[in-house]
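Below you'll find the structure, written out as structure tokens, and then a few comments.
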Amino acid sequence: MIPRLDTQASIDSSTLDYLSQLEQQGFTGDIEKSYSSRLAVSTDNSVYQQLPSAVLLPRTTDDISLITRLANTTPFSNIRFSARGGGTGTNGQSLTPGIIVDLSRHMNKVLEINTEEGWVRVQTGVIKDQLNDAVREAGYFFSPDLSTSNRATIGGMINTDASGQGSLKYGKTSDHVLSLQAVFADGSMFETDGSQGLPKADSFAEQAVTISEAVCRENRALIIDKFPDLNRFLTGYDLKNALTDTGEFDFTRILCGAEGSLAILTEATLNLTPIPKKRVLINIKYDSFDSALRHAPFMVEAKALSVETIDSKVLNLAKQDIVWNTVSQLITDVPNAEMKGINMVEFAGESSDEVNDDVARLLSQLDIKLKQGTDSIIGYQVCDNVTDIGKIYGMRKKAVGLLGATKGAAKPVAFAEDTCVPPENLADFITEFRQLLDSHNLYYGMFGHVDAGVLHVRPALDMCDPAQEALMHRLSDEVVKLVSKYGGLMWGEHGKGYRSEYGPEFFGEQLFEQLRRVKTAFDPLNKMNPGKICTPLDSSDSLVKVSDTKRGYFDRQIPVNVRDSFHQALECNGNGLCFNYDTSSPMCPSMKVTYDRKHSPKGRAGLVREWLRQLNEQGIDILDLEKQTLDRATPVKTLIDRVRHSLNKRHHNDFSHEVYEAMNGCLACKACASQCPIKVDVPSFRSRFLNLYHSRYQRPAKDYLVANIEHLLPLMATLPKVVNGVLSSRWVNQLIKSTVGYVDTPHLTYPTLATRLSMLPLPEFNLAQLAKLSQQQKDKHVLIVQDPFTSYYDGQVVEAFVELAIKLGITPVVLPFKPNGKAQHIKGFLKQFSKTARSTGEFLAEVAEVGIPMVGVDPALVLCYRDEYSEIEQSSHECFDVLTAHEWLLPRLESGLIDAPQVEGCKQPWYLLAHCTEKTMLPNAEKEWGTIFQHFNACFKAVPVGCCGMAGTFGHEQDKLEMSKDIFALSWGPTIDKHDSNRIMATGYSCRSQAKRFAEVKPLHPVEVLNSLS
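One point on numbering: in UniProt numbering, the residue at position 657 of the sequence shown is 657, and numbering is uninterrupted.
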């Protein structure tokens, strides 16, 4: 069994006293001290790792004022902070050994929208896409763009002065900030536009305003001379733009790009941009990436809004990812040519005629170049559909994560990935940059904003190798020299963070001293994100460095074979796509409702990494231990020890419990396995963790019920009326709830499926007779694979599929029920799952030899045969294939093998709410269902929804009931309310069950609808 693991890195007494005082003085937010909560924010989207001493999640500006005011008292002089938003920084901007102040959980409201004047007031924890969703109906958007827009907060954007696609026209974040509400290190507050009055006398706010203005005015010539004339600027205290053209002082600019090193920003008033009425995107294809770079200035001159570029490596990675299904028809290959680079050129504006003229002018020039064979252009495609343009940019945004999914130990690393040089120097700069990387035989991909001279370059390094970690620092030093040579910046848009050590070199000694003067005025005791950008005058504190502690330092303490075995967790690079706020996205529903980072794929992966590291630290061979749990029977002594350990208070501080708590909140929906660009597969390593965790600690009773339900259901179905009668009893339900922890137990189908099928003209299953059929006869047969939940709880769906097949001229044969085992896998009963999977797999492999398609109606159970079964050694999963209903129907309809009856025309659509596992693992499923309905001449519409919150038996477990309700309320509840409940369809049994439970609506399976139409 696994040993007890002590929670490590205890919190010092001063911090504990501070947190206690904070609570006593009326702090209304959350205070998190657990090791798991601190680990969850010890990393960001960079290679660095720094464990904070605590995490504070304030609810109000007053909470933040209390945080800093209390810390400014004598007993707590050692307390320091770092504000945090989405944690998407690529350079460790928000990481600190001090206290994290996370504004994303509670301070995430859109406070006021002024449509007449075109501005919005928000709390700084608001996510960028969330803001745009709020103002879209008014015809506006917040125009600074970035690839992490679905999880990056406005506060983070302001603190790094973020910008991206379209920045030449729309500018940076700072260009759209009208005013900020800031809390200073002494607790004082100030609205930077002065609308709320002058700062309090003798406060840090007052001296910050006074000194900052003095620095800007006294050093104007030096500032103008030092700050390069680029679309980007030397992030960290925007001294250049703090004085306007009319000579007025704009204090707001000082805080933009300050990375939280001056004050904590709580609210922001932002300028909005009208949504363009016309948009056109031209994808220009090249046979050389260098040509794409050199051609970019020509397109900027053509009045393009933006020019984005990606190289062939990024493009090929995208082609291997789920995202390519959305753009494959929009970026097609060029016959007889290899596409090695793409420029994505967008035109946008209020006037359609003006945009069309600009587009026509560029296309005419491109046609000439194509005809002449110049500039290495091999083709182009025009896209003027707003939705399709969004899909193309979605693919481009995912490029960062796709690079991280490369095979092998070396992974692309962010450390010099946002260099910025004048656009006319970009191609030559990149040529030397590539020579530098090639000299070390490094793999890398490139993409970026060539119109602004910003290119993202991430060389692949194995950060578990100390030598390659040292190489990263040497390369950083070389790139600093290179960008200086070409008149550029080391940090074009992602901030300094741990690259702050290069600040003095770029600013120069004289100007850097003035930056320190500003820092001193704001934060004389160096409490606000210390080490970033600069330190106060006379401070002995040093700047953070590129060589500081990284994730790889901890990961290399895990044996290589263990890292390889648990690669689904170890390969997480922190990109944070699992923080996607979009409620219609299936990605990690538990994160969406808890706003707790440890309840995300990234958080869970980080906890498992640390768990594996600690086990190795104690000399435990985790793979050998795991093998023992799978190969050997459990001794009676071990069973007794499990109960004893579970009851012994001495074991309550075991770190394994914290990991378990995070894993227990996972719905095992598998969205992460396909939606995450790195393919972090939580259900896979979760089941392994649970298997090992319960080798020491006793399982709850409900786990045994779930794991054995497939074996119990056939027995229960022999007396369905009796079972349903018992389950209808209130006291029985209370007993099950109190003793087992199971609620809302579903009732068995009555009449049972067996009874229903006995009324239909079906042949008995006989493998020998099926094998004797001719190929023509086999083409007219289908084998229906039963799953436990549909067959025993929703039998009318299987009945409808059987009837539909008959109507379509196909002979259905229902296979004997064989347990699938998915529930066992979810609960970590891996020994039992292995046995089930081998038995069922062998049966299905034998049946598959007859050459008749096998089809199941529930996507989650069907996909288990392809996914979870592949984890079993010597499994026969590759010897058979079970199709979903749509995978079987569509090719037969298209080939004419079966004819669909032509029903009445499209009067009102049928609405499909697809199962989250189905639409993430089979991304074309909704589209293919739509095509099937077209064959029946029926109207169909796929409705975007996230997870329903049931996920097998998750929603039936008492300890998860509230989370299940909250997840359902995110997208399923509102969506059902907006549509005709009689025309809603759902492919998943769990989804139909959840809708019936919480919305009193029973969606139909699509095969039920098709059967009714036939």
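Backbone N, C-alpha and C fix where the C-beta goes; we use that ideal spot for every residue, glycine too.
Only a predicted model underlies this, so the values are computations on that prediction, with no experimental measurement involved.
Ordered along the chain, which non-local residues of its own chain (more than five positions away) have a Cβ less than 6 Å from that of residue i?
i      : result
MET854 : LEU783, VAL785, VAL882
PHE933 : PHE940
LEU461 : ALA410, VAL413, GLN468, MET472
LEU543 : SER500, GLU501, GLY531
ARG294 : ALA427
ALA302 : LEU362
MET157 : THR173
ARG80  : GLY98, LYS527, PRO530
Where do the N-terminal and C-terminal ends of the beta strand (DSSP E) with residue i fall, by residue?
i      : result
TRP910 : 910-913
TYR792 : First-last for TYR792: 788-793, but that is the alpha helix (DSSP H), not the beta strand (DSSP E).
ALA348 : 341-349
LEU808 : Premise fails: LEU808 is in no beta strand (DSSP E) and is neither H nor E.
GLN381 : 377-383
MET759 : Unbroken run through MET759: none, as it is neither H nor E.
GLN832 : Here GLN832 belongs to no beta strand (DSSP E); instead the alpha helix (DSSP H) covers 830-848.
Less than 8 Å between the CB atoms is what I'm expecting for residue i and residue j, so what's the real figure, rounded?
i            : j      : result
THR884       : LEU913 : Not quite, the Cβ-Cβ distance comes to about 16 Å (not below 8 Å), so this is no contact.
residue 1016 : TRP972 : The requested residue 1016 is not part of the displayed model; the chain covers only 1 to 1014.
ILE99        : SER53  : 6 Å
GLY487       : VAL421 : 6 Å
GLY85        : GLY26  : In fact, because the Cβ distance is near 24 Å, the residues do not count as touching under 8 Å.
ASN724       : LEU753 : That belief does not hold up - the Cβ atoms of ASN724 and LEU753 are roughly 14 Å apart, past 8 Å.
VAL797       : LEU757 : Between LEU757 and VAL797 the Cβ distance is about 12 Å, and since that is not below 8 Å, they are no contact.
ARG597       : ASP794 : Incorrect: roughly 36 Å between the Cβ atoms, too far for contact.
THR68        : VAL215 : Actually they are not in contact, since the Cβ atoms of THR68 and VAL215 sit about 23 Å apart, beyond 8 Å.
Within its chain, find whatever has a CB closer than 7 Å to the CB of residue i; leave out the 5 residues flanking it on each side and keep chain order.
i      : result
GLU432 : LEU482
LEU612 : ILE558, VAL562, PHE566, ILE622
ILE872 : SER834, ALA837, ARG838
VAL857 : THR790, VAL797, VAL798, PHE801, ALA885, HIS1005, VAL1007
Whose C-alpha, out of the options, is nearest the C-alpha of residue i?
i      : options                        : result
SER34  : HIS657, PHE998, GLU918         : HIS657
LYS407 : SER839, MET591, GLU926, PRO677 : PRO677
ARG105 : GLY828, ASP245, LEU727, LYS592 : LYS592
ASN820 : VAL850, PRO812, HIS877         : HIS877
ILE331 : SER364, LYS285, VAL355         : LYS285
ASN385 : LEU281, ALA296, TYR444         : LEU281
LEU489 : LYS226, ALA986, ASP202, PHE968 : LYS226
LYS827 : TYR989, TYR660, ALA800         : TYR660
ARG217 : VAL518, ASP523, VAL682         : VAL518
VAL862 : VAL850, GLN874, GLU887         : GLU887
LEU773 : GLY851, ASN108, HIS694         : GLY851
GLY665 : THR273, ARG604, ILE378         : ARG604
ALA138 : ILE113, ASP145, ASN691         : ILE113
PHE789 : THR583, GLN958, ASN708         : ASN708
Quick one, are the C-beta atoms of residue i and residue j less than 7 Å apart?
i            : j       : result
PHE579       : ARG151  : yes
VAL122       : ALA268  : yes
ASP548       : TYR595  : no
ALA546       : SER476  : Going by the sequence as given, residue 546 is Val instead of Ala. Yes.
ILE275       : ILE64   : no
residue 1057 : ASP654  : Missing from the structure shown is residue 1057; the chain here goes from 1 to 1014 and no further.
GLY495       : GLU259  : yes
SER291       : GLU346  : no
VAL943       : LEU1013 : no
PRO720       : TYR742  : no
ASP375       : TRP491  : no
LEU630       : LYS822  : no
VAL1001      : MET985  : no
Give the range of the alpha helix (DSSP H) segment to which residue i is assigned.
i      : result
TYR693 : 682-693
TRP119 : First-last for TRP119: 119-123, but that is the beta strand (DSSP E), not the alpha helix (DSSP H).
HIS711 : 701-716
VAL319 : Residue identity differs from the one stated: residue 319 is Lys in this sequence, not Val. Its alpha helix (DSSP H) spans residues 312-319.
MET446 : Per DSSP, MET446 belongs to no alpha helix (DSSP H); it is in the beta strand (DSSP E), 444-449.
PRO466 : 466-485
Any heavy atom of the ligand ATP closer than 6 Å to the CB of residue i?
i      : result
HIS886 : Of the ligands one can find in the structure shown there are none, so the ligand ATP has no counterpart to examine.
Skipping 5 residues on each side, what residues in its chain have a beta carbon closer than 8 Å to that of residue i?
i      : result
LEU198 : GLU206
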